[in-house]
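Enquirer: This is the structure I have questions about; it appears just below.
Number of protein chains: 2
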Amino acid sequence: MAKAVTEKTLSRRTQIVSVATRLFHEKGYNATSMRNLAEQLGIEAASLYNHISGKDALLQQICFDMATHYNAHMEEVETASCTAIERVEKLVRFHIGMMLTHFEEVYVTNRDWKHLKEPLLANFLQQRKAYEKRFSRLVEQAVLAGEIQAVHPHAAVLTILSAVRGIEFWQRNPRNISAEQLEEDMVKILLKGLRK
Amino acid sequence: MAKAVTEKTLSRRTQIVSVATRLFHEKGYNATSMRNLAEQLGIEAASLYNHISGKDALLQQICFDMATHYNAHMEEVETASCTAIERVEKLVRFHIGMMLTHFEEVYVTNRDWKHLKEPLLANFLQQRKAYEKRFSRLVEQAVLAGEIQAVHPHAAVLTILSAVRGIEFWQRNPRNISAEQLEEDMVKILLKGLRK
DNA sequence: CCTACCGATCGGTAGG
DNA sequence: CCTACCGATCGGTAGG
């Protein structure tokens, strides 16, 4: 039966995705059951299927929303008028900012994209690969401009992205160091490490 | 353990742990069933319980063997006769080496320790916290010696450990860059970034 | 959005 | 190391 997409079902769906994001973050995709999710929403598990096609669709929404967000920002950085290394710094700060302000979505996407079903998995990986290639090209331009020391762009991007992702450990246990100082120290170490 | 020893001459239990490490790495702890594991060994799932007490015991073995290994190396570094920043470099290179030569165990430990049952989980976390504290202290000493710039030791350790952990992405997709060059570039970026 | 229920799969046990 | 099984839980469906 064809169901008209009303404003009500849209907002309900958005609400479901939001709660799912929180649960996926807390317990992981596989360990979160549709019964867990339904319970948090105060309904029965079977009722979820009036709003979403299945568990897969929730993960899909989270991961592809993130991919779109990252791609849009890359576009911005590429067209900004500044030096190559300033572009790289913008990206570093953007990724740190995402870990601080959109932590749950980023975390779930980083960890649980593996559970996407084909052909979505291939699509996601292709987008991710393309993103890293654009990032690498910006690093390469900074190397050619003499603003970054002679390192392989892939190695630089890998070091940056994984260092930033490590903020998830700080999120789990914010010690005697503030978010601001962590961001400044990490930018300091990474940018100084890259510079010529 | 001697390299000439093949899987078949190892004790049955050791062999089970070895295959479990491979499967946990490939599919994750939760997604690996005792039936998967038994199938790889050519026996029935029920037969596994003649050698191990349960699925938990396999994860326990992997995680605590790694913890012991890391602690032993930290002991070595702390007692080595060299400068503070040389100690930090030794640790960076050790962690990179572990990602390259003991990849599956390290990866499983990093990702799946969350599935340890209490009281093992608390024990593991306490060991990890203590290890990071020792690491931080070495960084702090290098800062006090004027060999490392003014950054919060926690931020430095977080940046180092997470950057190194990122080698898992290289492992999944070794591109146009060799393990050796990746190690050298990462050490270059991190150490230059830390230095005064 | 509900009740009622399905087939599949899980970790693990009994008993040989 | 096996056969035979257990209770629990899963994602999802039928039909209202």
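Quick note, the sequences are listed as chains A and B, same order. Everything in the first sequence is counted per the working numbering, starting at 1 for the first residue and increasing by one. Everything in the second sequence is counted per the working numbering, starting at 197 for the first residue and increasing by one. Glycine included, each C-beta is placed from N, C-alpha and C at the ideal position.
How would you write the range of the alpha helix (DSSP H) that L254/B sits in, first residue to last?
Expert: K251 to T275
Enquirer: Listed in chain order, which residues of the region 163-176 of chain A have Cβ atoms closer than 9 Å to some Cβ of chain B?
Expert: Cβ contacts with chain B: A163, V164, R165, G166, I167, E168, F169, W170, N173, R175 and N176.
Enquirer: Would the beta-carbon of Q161/B fall within 7 Å of that of V213/B?
Expert: Any property of residue 161/B remains undetermined from this structure, which presents chain B solely from 197 to 392.
Enquirer: May I have the straight-line CA-CA distance separating V5/A from G97/A, to the nearest angstrom?
Expert: Residue confidence for V5/A is low, a pLDDT of 49 falling below 50, so the modelled location carries little weight and cannot support an answer.
Enquirer: Mind checking if D185/A is an interface residue toward chain B, Cβ cutoff 7 Å exclusive?
Expert: yes
Enquirer: What did DSSP end up calling I148/A once you bin it into helix, strand or coil?
Expert: strand
Enquirer: Should N30/A be flagged as near chain B, meaning a C-beta pair shorter than 7 Å?
Expert: yes
Enquirer: Going along the region 326-354 of chain B in order, which residues come within less than 8 Å of chain A, judged by CB to CB distance?
Expert: Q345, V347, H348, H350, A351, A352 and L354
Enquirer: Alpha helix (DSSP H) containing I363/B: first to last residue?
Expert: DSSP places I363/B in the uninterrupted alpha helix (DSSP H) bounded by I363 to R368.
Enquirer: Taking T14/A as the reference, which of H25/A, A46/A and D65/A has the closest Cα?
Expert: D65/A
Enquirer: Confirm, please, whether the CB-CB distance from L48/A to A38/A is below 7 Å.
Expert: For A38/A and L48/A, yes; Cβs fall inside 7 Å.
Enquirer: Is R391/B helix, strand or coil when you go by DSSP?
Expert: strand
Enquirer: Anything in the region 306-326 of chain B with a Cβ closer than 7 Å to a Cβ of chain A? List those residues in chain order, please.
Expert: Answer set for the region 306-326 of chain B: empty.
Enquirer: What residue range does the alpha helix (DSSP H) around R175/A cover?
Expert: Per DSSP, R175/A belongs to no alpha helix (DSSP H) and is neither H nor E.
Enquirer: Once DSSP output is grouped into helix, strand and coil, what is the label at G224/B?
Expert: coil
Enquirer: Kindly give me the distance between the Cβ atoms of Q345/B and A280/B, rounded to whole angstroms, as I take these residues to be in contact under 8 Å.
Expert: Rounded, the Cβ-Cβ distance is 13 Å, inconsistent with contact.
Enquirer: Please report the residue range of the alpha helix (DSSP H) in which N232/B lies.
Expert: M230 to L237
Enquirer: Grab the span of the alpha helix (DSSP H) containing E86/A for me, first residue to last.
Expert: A84 to T101
Enquirer: Please decide whether G389/B counts as near chain A, where near means a Cβ-Cβ distance under 7 Å.
Expert: At a cut-off of 7 Å, the C-beta of G389/B has a neighbouring C-beta in chain A.
Enquirer: Does DSSP put I52/A in a helix, in a strand, or in coil?
Expert: coil
Enquirer: Under a CB-based cut-off of 7 Å, is L254/B close to chain A?
Expert: no
Enquirer: If you check the beta carbons only, do I105/A and T21/A fall under 7 Å apart?
Expert: Looking at the sequence provided, one finds Glu at residue 105/A rather than Ile. Yes, they are a contact pair.
Enquirer: Does S207/B come out as helix, strand or coil in the three-state DSSP assignment?
Expert: coil
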